[in-house]
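Some notes on the structure that comes next.
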Amino acid sequence: METGTEPVRFDTKIAVLLRDDLPVWQRLNMTAFLVSGISRAAPEVIGEPYADADDTPYLPMFRQPVLVFAGSKEVLTAAHQCAVGRSLPLAVFTLDLFSTGNDRDNRAAVRAVGRADLDLTGLAVYGPRNGVDKVIKGARMHP
Numbered sequence: 838m839e840t841g842t843e844p845v846r847f848d849t850k851i852a853v854l855l856r857d858d859l860p861v862w863q864r865l866n867m868t869a870f871l872v873s874g875i876s877r878a879a880p881e882v883i884g885e886p887y888a889d890a891d892d893t894p895y896l897p898m899f900r901q902p903v904l905v906f907a908g909s910k911e912v913l914t915a916a917h918q919c920a921v922g923r924s925l926p927l928a929v930f931t932l933d934l935f936s937t938g939n940d941r942d943n944r945a946a947v948r949a950v951g952r953a954d955l956d957l958t959g960l961a962v963y964g965p966r967n968g969v970d971k972v973i974k975g976a977r978m979h980p
C-alpha cells in the first residue's frame, strides 16, 4: 500500500467543461460520457485495479483528478477552438445527444454538423497542464 506523505503532482490535466445553463442531471450525464473518451484516447491516465482487504477486485480509475468547470456557451466555444488549435485529445457533447439513445446515433448527430456550428454543451480535454489551463481560460470550477 502506498503511504507517501508527499503530494503527487501531475504534469498533465484532465478537465471537463460544462455549459452552465443546463440542469444538473444533464451535467452529470455529460461528465460521465465525456471522461470515457479521455480514457480511450489516453490510456496512460488509467491507474491500477483496486481491491479491498478481502481481495474483492474493482476496476481501475483515473490516476489523477478530473477537474470539472462550468462556463457560458461562449466560453465553451472558445475552449473548443483552443483545444482543436492545440491538437489536444478532446471529447465533445452537443445538445443533440440528449435526444439520442446510443453511440451510433450520437456519432451521427455530431457528424451531421460542421465544427463551427456544433451546439456544444460539454467537452473534456487532456494534455499538458499549461495547455489545458489555456483551453479552460474564462471557466470557473463547477459548483
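The opening position of the sequence shown corresponds to residue 838 in our numbering, with each subsequent residue numbered one higher.
From the three backbone atoms N, C-alpha and C, an ideal C-beta is built for every residue, glycine too.
Rounded straight-line distance, which links the Cα of residue j to that of residue i
{"i": "P886", "j": "V853", "result": "23 Å"}
{"i": "P897", "j": "I883", "result": "7 Å"}
{"i": "A869", "j": "L859", "result": "15 Å"}
{"i": "L932", "j": "T842", "result": "43 Å"}
{"i": "K971", "j": "V905", "result": "15 Å"}
{"i": "V873", "j": "M978", "result": "Inspection of the sequence shows that residue 873 is occupied by Ser rather than by Val. Taking the straight line from one Cα to the other gives about 20 Å."}
{"i": "P880", "j": "A928", "result": "14 Å"}
In DSSP terms, what residue i is bridged to
{"i": "P965", "result": "T849"}
{"i": "M898", "result": "Looking at the DSSP assignment, M898 forms no beta bridge with any residue, so it has no partner."}
{"i": "A1063", "result": "Any question about residue 1063 goes unanswered here, given that the chain covers just 838 to 980."}
{"i": "F930", "result": "G959"}
{"i": "R856", "result": "G908"}
{"i": "I883", "result": "F899"}
Supposed contact pair residue j and residue i - C-beta distance, whole angstroms, cut 8 Å
{"i": "I973", "j": "A907", "result": "Rounded, the Cβ-Cβ distance is 10 Å, inconsistent with contact."}
{"i": "V962", "j": "A920", "result": "5 Å"}
Secondary structure of residue i, DSSP reduced to three states
{"i": "L925", "result": "coil"}
{"i": "L957", "result": "strand"}
Host beta strand (DSSP E) of residue i (start-end)
{"i": "F906", "result": "V903 to G908"}
Residue interval of the alpha helix (DSSP H) (run including residue i)
{"i": "G874", "result": "V861 to A878"}
{"i": "N943", "result": "D940 to R948"}
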